[in-house]
Structure formats: C-alpha cells, structure tokens
Amino acid sequence: VAYLVIFHILFVLFVWTYWKSIFTLPVQPGKKFHMSCADQERYESEERPEVQRQILAELARRLPVYTRTGSGGIRFCDRCQLIKPDRCHHCSVCAICVLKMDHHCPWVNNCIGFSNYKFFLLFLAYSLLYCLYIAATVFKYFIKYWTGELTNGRSKFHVLFLLFVAVMFFVSLMFLFGYHCWLVSRNRSTLEAFSAPVFQNGPDKNGFNLGFVKNLQQVFGEEKKLWLLPIASSLGDGHFFPMRALCEAQNPLLANEEQWENDRMDEEPHGKVTLKEMCLDLQQ
1 VAYLVIFHIL FVLFVWTYWK SIFTLPVQPG KKFHMSCADQ ERYESEERPE
51 VQRQILAELA RRLPVYTRTG SGGIRFCDRC QLIKPDRCHH CSVCAICVLK
101 MDHHCPWVNN CIGFSNYKFF LLFLAYSLLY CLYIAATVFK YFIKYWTGEL
151 TNGRSKFHVL FLLFVAVMFF VSLMFLFGYH CWLVSRNRST LEAFSAPVFQ
201 NGPDKNGFNL GFVKNLQQVF GEEKKLWLLP IASSLGDGHF FPMRALCEAQ
251 NPLLANEEQW ENDRMDEEPH GKVTLKEMCL DLQQ
C-alpha cells in the first residue's frame with residue numbers, strides 16, 4: 001500500500017508539472033516596449049543606420065533596458081517591432097518575443113521562459129524521481145529473473161522493458177536536470193550560458209548572478225512552501241531583473257525608471273518590486 005501511495009503521489013506531481021509546462025503560455029513584452037505607429041514609421045522611413053540606432057536609443061531611454069547587442073546597440077526585434085526587455089529573445093518557432101526565454105522545448109511543445117521555467121524545472125525533477133522510483137521497485141524482480149526465480153515469460157519481458165526504459169530516462173534526465181540546476185544557481189538561462197549578456201560595460205556572464213539563495217528566489221519565489229508545487233511564484237514580472245553590479249550611481253538609465261514606473265501605475269496592480277528597490281536590497 002505504501003508503494004502505491006508514493007507511486008501515485010509522484011505520478012500526480014509528474015502529470016501536473018507536465019501539464020503546466022505545456023499549457024502555460026509564454027509571456028510577451030508589454031505595450032510600453034512596442035513601437036508606436038509614429039515611431040515605427042519614422043524608424044522605417046530612415047535609411048541611415050546610425051540615425052536608426054539613434055532613434056532606438058531615444059526610445060530605450062524611457063524603458064528599463066540595460067543589456068545591449070554585441071555591437072553595443074539597442075536590442076530591437078524587427079519582426080515584433082519592439083525593443084527587447086532584458087533577457088527577452090525572439091522564438092523562431094513560436095514567432096513571438098518571449099520574456100526571459102530559456103529555450104524552445106520539443107518535449108512540451110512550448111517555449112520555456114519566465115512564465116513556465118519553474119514548472120519545467122519541477123517537471124524534470126518529478127520525472128527524475130518517478131523514473132528512479134520505478135527502477136528501484138522493479139529491480140528486485142529483475143534480480144529474481146537473473147537468478148531464475150521468475151519463470152513467467154511475459155513477466156520477464158515486462159520487467160526487463162520497464163527497468164531498461166526507467167534507467168534510460170533516469171540517466172538522460174539526470175544530466176539535463178543537473179545542467180538546469182547549475183543554471184539556476186548562477187541565475188542564467190540556456191541562451192545566456194552559450195552567449196553572455198552584453199551590458200554597457202561589455203559582456204558579463206555573471207551580470208544577473210545575485211548569490212545562490214537570491215538566484216533560487218528569482219525562479220521559485222520567497223515563499224518556500226510553494227517551491228515544490230507548480231504554482232506561479234517567480235519574482236517580478238519578467239520585464240526587468242536585479243543585476244549584480246549595476247545600480248543607480250553606475251547606470252544613468254535607472255534615473256529614467258521612475259518615469260516609466262509612473263506610467264505603469266495605472267496599468268498594473270500595486271505591490272510589484274521595482275528594479276531600483278531590488279538593486280538597493282541587493283546592496284544591503
């Protein structure tokens with residue numbers, strides 16, 4: 001009975017996290033990051049690249065945008081016609097810009113980003129435990145088969161097949177889950193691990209690294225009772241993130257955040273932490 005209870009608990013958590021990973025839609029940047037019709041017309045009518053860069057820089061001053069392209073320019077998506085927030089990337093499969101995009105996962109047929117990265121991590125964790133539990137409970141029957149105690153031919157096939165599949169998935173999931181645990185501990189996405197984010201002072205692979213505990217809280221939230229459940233609890237709204245080295249004294253763009261936050265007051269609910277507050281909290 002105890003085996004069945006544990007099995008069904010793991011099975012429910014596995015299916016729940018898998019469901020959330022599949023059906024939680026990736027979040028796109030807000031309207032503030034989209035070009036207005038007038039700005040879009042002005043940008044497209046301009047043929048000189050340096051003037052286009054100037055237009056983007058002018059628009060970015062009103063936004064909390066701190067990462068740059070490899071050449072130091074503003075990160076702009078010409079397909080979605082928006083200025084990309086930090087850690088946002090365009091998914092060619094979904095054909096949209098995704099906040100804090102990690103990768104597009106064929107396992108769940110969805111883009112993994114800010115809205116469902118926690119669910120994806122839990123899916124990997126519970127899949128790993130599920131396979132380990134199945135392999136552990138079937139192993140004693142495999143020993144009986146090996147010693148000749150198991151005589152039923154069909155049972156032999158079922159035991160061998162189940163153990164092989166469970167161990168095979170366990171090994172592959174162990175490496176994948178371990179890699180994503182390492183990414184969370186460094187507060188990086190898969191894309192950032194391959195290509196370090198570029199700031200005003202150049203590339204910095206640890207630009208969003210706040211320390212192990214705060215990195216965990218960025219993904220799982222501050223309420224530890226929700227960490228193991230597929231319930232949204234990640235900090236922030238995916239448009240901006242606290243940074244390790246940048247603060248108001250070092251980054252003049254932060255001076256413009258107050259105006260941007262004032263514009264958002266009427267559009268979004270209260271209670272969200274601003275980047276300035278997170279940066280000050282990080283310094284304490």
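Going by full-length UniProt numbering, the final residue of the sequence shown carries number 284, and the count climbs one at a time with no gaps. The beta carbon of each residue, even a glycine, is placed where N, CA and C say it ideally should be. In this text the structure is predicted, and so the values were computed from the model without any measurement.
Please name the residue in the options whose C-alpha comes closest to that of residue i.
i	options	result
L59	T137, R42 and S71	R42
V171	T137, L129 and C88	L129
G30	I74, N215, K224 and K84	K84
F23	V65, G113 and G211	G113
A193	R87, Q28 and K156	R87
P26	L99, F120, S195 and G221	L99
V184	V167, A166, G211 and M168	G211
F164	F175, F139, L235 and L82	F139
A38	S115, F177, I55 and E149	I55
F177	F240, V12, L121 and H103	L121
L173	C131, T147 and G148	C131
residue 290	Q40, A57 and H239	This structure cannot settle anything about residue 290, because the visible part of the chain is limited to 1 through 284.
L4	Q28, T137 and A57	T137
What's the gap between the Cα of residue i and the Cα of residue j?
i	j	result
P230	R53	41 Å
V159	L10	20 Å
Y117	R75	23 Å
E44	I96	20 Å
M243	K144	56 Å
V213	Y18	26 Å
H90	R154	50 Å
residue 330	L124	The chain is shown only over 1 to 284; residue 330 falls outside these bounds and no answer can be derived.
G72	F199	8 Å
T69	T190	17 Å
N215	S127	23 Å
E50	V167	56 Å
M101	Y133	32 Å
A2	S92	46 Å
E47	H103	34 Å
A135	L162	8 Å
F241	H8	38 Å
F119	R62	33 Å
K105	Q28	Note that residue 105 is Cys in the sequence shown here, rather than Lys. About 17 Å.
E222	V108	27 Å
Starting from residue i, trace the beta strand (DSSP E) in both directions and tell me its first and last residue.
i	result
I55	Counting along the chain, I55 falls outside any beta strand (DSSP E), though it belongs to the alpha helix (DSSP H) covering P49 to A60.
V98	I96 to V98
C91	H89 to C91
C105	H103 to C105
N110	N110 to I112
Residue i: buried (16+ other C-beta within 10 angstroms of its C-beta) or exposed?
i	result
N201	exposed
V65	buried
V15	exposed
D78	exposed
I6	exposed
N187	buried
H180	buried
V12	exposed
residue 286	For the chain, the structure presents residues 1 to 284; residue 286 sits outside this window and is missing.
F208	buried
I need the boundaries of the alpha helix (DSSP H) containing residue i, first residue and last residue.
i	result
C37	C37 to S45
V15	A2 to F23
F241	First-last for F241: undefined, no H or E at that position.
F123	Y117 to T147
K214	F212 to F220
T190	T190 to F194
State yes or no: is the beta carbon of residue i nearer than 8 Å to at least one beta carbon in chain C?
i	result
H103	Looking for chain C here will not work: only one protein chain is present.
Kindly give me the distance between the Cβ atoms of residue i and residue j, rounded to whole angstroms, as I take these residues to be in contact under 8 Å.
i	j	result
N110	S36	Contact doesn't hold; Cβ gap of about 31 Å is too wide.
S234	V219	6 Å
F33	L82	5 Å
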